[in-house]
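Visitor: Protein chains in written order, with full-length UniProt numbering: chain A, 1 to 397; chain B, 1 to 397.
What follows is a structure written as structure tokens; I'll ask about it next.
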């Protein structure tokens with residue numbers, strides 16, 4: 001019978017308790033790190049390591065927490081979108097494109113080379129390359145927002161580069177899955193995936209923005225509700241879900257939704273009203289990243305060495321690629337963009353999971369990729385802050 | 001390995017799509033009902049019937065939607081708590097207590113009598129009584145908030161009576177489960193359950209409120225975050241989870257949390273900041289109620305007749321009990337309280353599920369209780385609005 005509630009009342013009680021513990025832990029980690037003048041999100045990730053299976057095991061990662069984490073990064077990027085104008089993004093288009101493409105090519109080549117060097121099969125090597133490509137713009141965005149640095153040219157360049165990065169990563173993961181599963185490279189499928197992803201971004205980002213520029217009233221039909229919050233949130237969820245359904249990151253859809261809505265006249269009220277959603281959900285995203293740490297996987301010294309090597313390769317190749325692409329912003333600006341692209345965050349963990357499912361990664365490589373994703377995520381925020389606290393970067397496009 | 005994300009990216013994409021569909025459907029139902037000047041929540045429940053398995057089956061009721069629905073009613077009652085002062089509640093204490101107790105005794109007696117009249121066993125008869133007791137204060141609160149009638153004496157009386165009602169219902173469900181499973185009535189367990197529930201409400205409601213009256217600074221430590229939102233929401237989630245863990249409704253904890261926080265000086269900013277959470281989550285609660293409708297269960301005329309009989313009994317006994325208890329508010333005030341206590345909503349559905357799990361209800365009786373819960377929920381909002389639109393009720397405590 002379709003009637004029966006799928007969860008017993010006691011299960012719902014347990015899930016409420018999990019949400020409470022996660023939010024409380026995040027807040028405590030956040031406050032401690034603010035007081036020692038470190039990036040709050042690092043405190044939240046460490047809180048996740050502590051309450052998660054790695055240390056106390058107070059909370060298990062189930063469906064609800066996973067969805068809350070996803071909504072966390074979705075509302076984070078929605079917020080970033082609300083602070084971004086299409087015109088600002090187009091202005092840094094060339095730098096962002098270059099940084100995005102070079103920031104994909106170098107890590108991919110590095111990962112593939114490392115894979116072959118380790119004597120792995122083609123599927124595994126290609127997957128290793130794809131895993132090194134992933135960039136978590138959510139982490140960088142959170143740091144930039146915390147520093148109030150979202151309106152800098154470098155920040156726009158990072159956002160634009162992250163979109164290019166995500167599209168190429170999507171194609172590469174598709175290619176890698178194909179090779180791991182069938183042993184063959186299928187260029188036609190890769191082209192179709194690329195065309196759909198680019199089409200979505202251009203159609204929604206440019207088309208949607210122009211539409212709302214021309215007709216902001218679409219979100220403010222006089223009798224349609226008291227506030228634009230729910231229409232805005234519905235558009236965000238719809239585009240995030242659509243992006244995710246075609247295999248892109250949901251956050252790309254959320255970001256484009258925010259950018260569209262930013263064009264309407266009533267931008268300010270919607271920012272005020274989205275703020276509590278933006279305060280409520282993102283802590284789940286950061287804590288859940290920490291919960292995915294499994295310290296037991298790193299008791300073997302060989303694994304530790306591999307982790308350090310892969311992490312170093314991930315940092316150097318991504319930084320070098322993005323830096324090269326962004327060098328028209330001057331050395332400091334390029335360094336800012338390069339560092340901003342380094343965190344692999346949840347995207348690296350997702351690619352690792354796909355690789356595990358496709359049989360390309362064994363448990364050790366999987367643990368190494370997850371470890372690398374979290375290490376790059378923990379390293380970047382303090383560095384980025386220091387770079388921003390130094391003199392304003394020289395040179396602008 | 002504890003690492004592996006529990007959900008594939010495609011599953012997360014599907015859940016995002018479900019959330020989008022539910023929110024969009026709720027908004028459409030809401031707007032249509034506002035335009036035809038009917039209570040918006042009825043439109044949202046009907047939207048749930050349409051997108052749910054009963055009609056189009058666009059969305060399945062899984063873990064995430066269940067948790068979102070629960071958070072919906074939790075934030076709804078948190079909001080109601082924020083608009084309630086303990087002193088106002090204590091002022092209507094006598095009326096609320098009488099309305100609560102009589103509003104439990106009559107439906108319980110009616111249900112048990114009906115059960116024995118139908119030739120059911122003791123366990124089933126007692127469960128039927130317990131199922132008729134359940135009151136969904138969430139539904140009534142939503143209607144009162146929509147009408148801006150939350151500060152009326154009758155509304156306070158309904159809130160107080162609902163707390164009494166929920167405590168007694170908890171005890172009755174415990175007793176009924178004991179009888180259904182062991183065939184015996186265990187007075188000691190019943191007393192312990194009662195003592196814990198009353199203790200929680202008094203300790204948190206009165207003690208917590210006095211604490212925050214004396215030290216509002218507890219929520220505003222200067223360096224502790226920019227806004228009181230997250231501490232407030234954390235307290236709400238914590239008390240909701242705690243109430244749920246001891247078997248009370250989570251909403252009782254959420255309501256008490258709101259009432260505590262309302263005593264702190266910065267009540268107004270927190271209301272502003274909770275507003276978007278209150279706009280975001282409750283639609284899931286109403287849509288999910290509608291999704292639990294299974295029209296197929298009512299193709300049998302005998303079942304339909306039973307549904308009508310049980311619904312009539314549920315309406316008449318609850319109205320009469322609460323009316324008798326509240327008659328010091330004058331006939332109109334008492335009628336308002338009586339009608340306000342009628343909706344069974346999600347609480348009736350939960351009791352029905354427990355009865356099904358305990359073996360006290362067969363599928364037909366289960367479907368009938370769920371149907372009764374939804375019918376009482378759909379009937380009340382228009383009636384309550386009409387009562388409120390009529391002259392202000394005469395007489396006050």
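Think of the CB as a built atom: it goes at the ideal place given N, C-alpha and C, for glycine as much as any other residue.
How many Å lie between residue 222 of chain A and residue 355 of chain B at the Cα?
Guide: In this prediction, residue 222 of chain A scores a pLDDT of 44, lower than 50, which makes its location untrustworthy; the coordinate-derived value is nonetheless stated afterwards. The alpha-carbon atoms of residue 222 of chain A and residue 355 of chain B are separated by roughly 47 Å.
Visitor: Just to make sure I have the definition right: I need the residues of chain B whose C-beta is within less than 7 Å of the C-beta of residue 45 of chain A. Which are they?
Guide: Within chain B, no residue comes near residue 45 of chain A; the closest Cβ sits about 15 Å away, beyond 7 Å.
Visitor: Residues of chain B with CB under 7 Å from residue 280 of chain A, in chain order?
Guide: Near residue 280 of chain A (Cβ distances below 7 Å), the residues of chain B are 233, 277.
Visitor: Do residue 9 of chain B and residue 49 of chain A count as a contact pair if the criterion is CB distance below 8 Å?
Guide: No, Cβ-Cβ distance for residue 49 of chain A and residue 9 of chain B is not below 8 Å.
Visitor: Count Cβ pairs between the segment 14–31 of chain A and the segment 275–295 of chain A that sit closer than 8 Å; are there 3 or more?
Guide: Flag = yes, the segment 14–31 of chain A and the segment 275–295 of chain A touch.
Visitor: Check for me: the alpha helix (DSSP H) holding residue 152 of chain A runs from which residue to which?
Guide: Run containing residue 152 of chain A: none; DSSP gives neither H nor E here.
Visitor: Hey, how far is the Cα of residue 122 of chain B from the Cα of residue 92 of chain B?
Guide: Near 36 Å, if we compare the C-alpha coordinates of residue 92 of chain B and residue 122 of chain B.
Visitor: Consult DSSP for residue 359 of chain B and reduce its assignment to one of helix, strand or coil.
Guide: In this structure, residue 359 of chain B counts as coil in the three-state DSSP scheme.
Visitor: How is residue 316 of chain B classed by DSSP in three states: helix, strand or coil?
Guide: Residue 316 of chain B falls in the helix class under three-state DSSP.
Visitor: Any residues in the segment 235–265 of chain B with a beta carbon nearer than 7 Å to a beta carbon of chain A? Which ones, in chain order?
Guide: Cβ contacts with chain A come from 237, 238, 240, 241, 244, 245, 250.
Visitor: By Cβ distance below 8 Å, which residues in the same chain neighbour residue 82 of chain B in space, the five residues on each side in sequence not counted?
Guide: Taken in chain order, the residues that qualify are 258, 259, 261, 262, 267, 270, 271, 274.
Visitor: Starting from residue 19 of chain A, find everything on chain B with Cβ-Cβ shorter than 7 Å and list it in chain order.
Guide: The contacting residues are 237.
Visitor: Any C-beta of chain A within less than 9 Å: which residues of the segment 138–155 of chain B qualify?
Guide: If the cut-off is 9 Å between Cβ atoms, the segment 138–155 of chain B has nothing near chain A.
Visitor: Does residue 314 of chain B have its Cβ less than 8 Å from a Cβ in chain A?
Guide: It does not; no Cβ of chain A falls within 8 Å.
Visitor: Leaving out five residues on either side along the sequence, give the residues of the same chain with a beta carbon under 7 Å from the beta carbon of residue 157 of chain A.
Guide: Cβ neighbours of residue 157 of chain A beyond the five flanking positions: 92, 95, 96, 99, 326, 329, 337.
Visitor: In this structure, does DSSP put residue 341 of chain B in helix, strand or coil?
Guide: Here residue 341 of chain B sits in coil by DSSP.
Visitor: List, from N- to C-terminal side, the beta strand (DSSP E) runs of 3 residues or more that fit wholly inside the segment 24–98 of chain B.
Guide: The qualifying runs do not exist here; there are none.
Visitor: Closer than 7 Å by beta-carbon distance: list the chain A residues that pair up with residue 94 of chain B, in chain order.
Guide: By Cβ distance, chain A contributes nothing, its closest Cβ being about 31 Å from residue 94 of chain B, past 7 Å.
Visitor: List the residues of chain B whose Cβ lies closer than 9 Å to the Cβ of residue 24 of chain A, in chain order.
Guide: The contacting residues are 234, 237, 238.
Visitor: What in chain B is Cβ-close to residue 12 of chain A, meaning under 8 Å?
Guide: Result: 66, 67, 70, 244, 250.
Visitor: Which same chain residues end up closer than 6 Å to residue 196 of chain A when comparing Cβ atoms and leaving out the 5 residues on each side of it in sequence?
Guide: Excluding sequence neighbours, residue 196 of chain A sits near 246.
Visitor: Helix, strand or coil for residue 293 of chain A? Go by DSSP, reduced to three states.
Guide: In the structure shown, residue 293 of chain A sits in coil (DSSP, three-state: anything other than H, G, I, E or B).
Visitor: Just mark residue 210 of chain B as buried or exposed, buried being the case when its beta carbon has 16 or more other beta carbons within 10 Å.
Guide: When all chains shown are included, residue 210 of chain B counts as exposed.
Visitor: I'd like to check one pair, residue 288 of chain B with residue 145 of chain B: are the Cβ atoms closer than 8 Å?
Guide: No, the Cβ-Cβ distance between residue 145 of chain B and residue 288 of chain B is not below 8 Å.
Visitor: Output the boundary residues of the alpha helix (DSSP H) element that contains residue 209 of chain A.
Guide: Residue 209 of chain A -> alpha helix (DSSP H) spans 209–214.
Visitor: Could you name the residues of chain B that residue 49 of chain A contacts, counting a contact when the two beta carbons are closer than 8 Å?
Guide: Chain B residues near residue 49 of chain A: none, gap ~11 Å exceeds 8 Å.
Visitor: Under 8 Å, do residue 339 of chain A and residue 319 of chain A count as touching if we go by C-beta distance?
Guide: Cβ distance < 8 Å, so residue 339 of chain A and residue 319 of chain A count as in contact.
Visitor: Taking Cβ-Cβ distances shorter than 9 Å, what residues in chain B pair up with residue 167 of chain A?
Guide: Neighbours of residue 167 of chain A on chain B: none; closest Cβ ~16 Å, over 9 Å.
Visitor: How big is the Cα-Cα spacing for residue 364 of chain B and residue 173 of chain A?
Guide: Roughly 50 Å between the two C-alpha positions.
Visitor: When the Cα atoms are used, what is the spatial distance from residue 256 of chain A to residue 343 of chain A?
Guide: Answer to the nearest angstrom: the Cα atoms are 21 Å apart.
Visitor: On the criterion of 16 or more Cβ atoms from any shown chain inside 10 Å, does residue 389 of chain A qualify as buried, or is it exposed?
Guide: Its Cβ having fewer than 16 others within 10 Å, residue 389 of chain A is exposed.
Visitor: Return the CA-CA distance between residue 166 of chain B and residue 55 of chain B, expressed in angstroms with no decimal places.
Guide: For residue 166 of chain B and residue 55 of chain B, the distance between alpha carbons rounds to 32 Å.
Visitor: Does chain A have any CB closer than 8 Å to the CB of residue 77 of chain B?
Guide: With 8 Å as the cut-off, residue 77 of chain B does not count as an interface residue toward chain A.
Visitor: Starting from the beta carbon of residue 273 of chain A, find every residue of chain B whose beta carbon is closer than 7 Å, and list them in chain order.
Guide: 276, listed in chain order.
Visitor: Any C-beta of chain B sitting closer than 8 Å to the C-beta of residue 15 of chain A?
Guide: Yes, contact with chain B.
Visitor: Pick from B:386, B:387, B:379: whose alpha carbon is nearest that of residue 139 of chain B?
Guide: Of the listed residues, the one whose Cα sits closest to residue 139 of chain B is B:379.
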